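Just so we're aligned, residue 3 is where the sequence shown starts under the numbering used here, counting upward by one.
Even for Gly, the Cβ is constructed at its ideal location relative to N, Cα and C.
Just so you know, these numbers come straight off a predicted model, no measurement behind them.
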Amino acid sequence: MDLSEHVEDILNHEEYQQLARFTHHRPFTTLEHSLRVAQIAYNWSLRLESKLKLDTHAITRGALLHDFFLYDWHEPRPDRSRWHGFRHPRIACQNAERCFQLSEKEKDIILSHMWPLTPRLPKTREAFLVMVADKMASIQEFRLKFKRDLPPSERYTSLRLIKHKS
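Encoded structure:
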């Protein structure tokens, strides 16, 4: 099963597609960031799943949904709430539960991806892997933001639907 087969329903969901409107780590959108995290997590999962008995399906879906909040966190919130880093995992999980059927592993992935900033420890290997993939994607985006002419190959506007090569 390739990556797209795990997440086609998510990518085609009208509300999820709104993530392309919000800046996450400048110049990247929340959608681009989520796609990057999903690609990294999927690739790692394929390499490790036979040794660690990982649930690649939950990893890929949880990674794609981990930042499913529908606002630009750089802008002041209408309710004046702050602390985006601490609050958004719960908001993302609520949005994901409203739009999709989630497994317990997928919920854990979404709710714990900000550890150690938030006190929620990843309970599963899958959640730990996505938490690290999120950090890796953020580091890549931070490095890439200083490139003047970002090559299209560094933009994740859609999934790179390439089957993993062992």
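Our two residues, Ser-6 and Pro-121, have alpha carbons roughly 32 Å apart in a direct line. Bridge partners of Thr-31 according to DSSP: Thr-25. Only residues of its own chain outside the window of five on either side were considered, and among them Phe-70 have a CB closer than 6 Å to the CB of Asn-97, listed in chain order. Counting of Cβ neighbours within 10 angstroms places Gln-41 among the buried residues, the total reaching 16 or more. When secondary structure is reduced to three states using DSSP, Leu-131 falls in the helix class. With respect to the C-alpha of Trp-46, the residue from Thr-62, Leu-33, Thr-32 having the closest C-alpha is Thr-62. Leu-48 carries a helical assignment under DSSP once its states are collapsed to helix, strand and coil. Distance from the CA of Glu-128 to the CA of Phe-24, rounded to the nearest whole angstrom, comes to 27 Å. Rounded to the nearest whole angstrom, the C-alpha separation of Thr-58 and Gln-20 is 25 Å. Assigned with DSSP and collapsed to three states, Arg-92 falls in helix. Put simply, the backbone Cα of Glu-99 is about 21 Å away from that of Ala-43. By the criterion of a C-beta distance shorter than 8 Å, Val-9 is surrounded in its chain by Ala-40, Thr-62, Arg-63, Leu-66, Leu-161, once the five residues flanking it on both sides are discounted.
Of the residues assessed, Asp-11 falls on the exposed side of the cut-off, its CB having fewer than 16 other CB atoms within 10 angstroms.
For Glu-17, the number of other beta carbons within 10 angstroms of its own is below 16, and it is reported as exposed.
Rounded to whole angstroms, the gap between the alpha carbons of Lys-107 and Leu-146 is 31 Å. Ala-135 is not a Cβ neighbour of Ile-112, given a cutoff of 8 Å. Around the C-beta of Ala-60, 16 or more other C-beta atoms lie within 10 Å, and the residue is accordingly described as buried.
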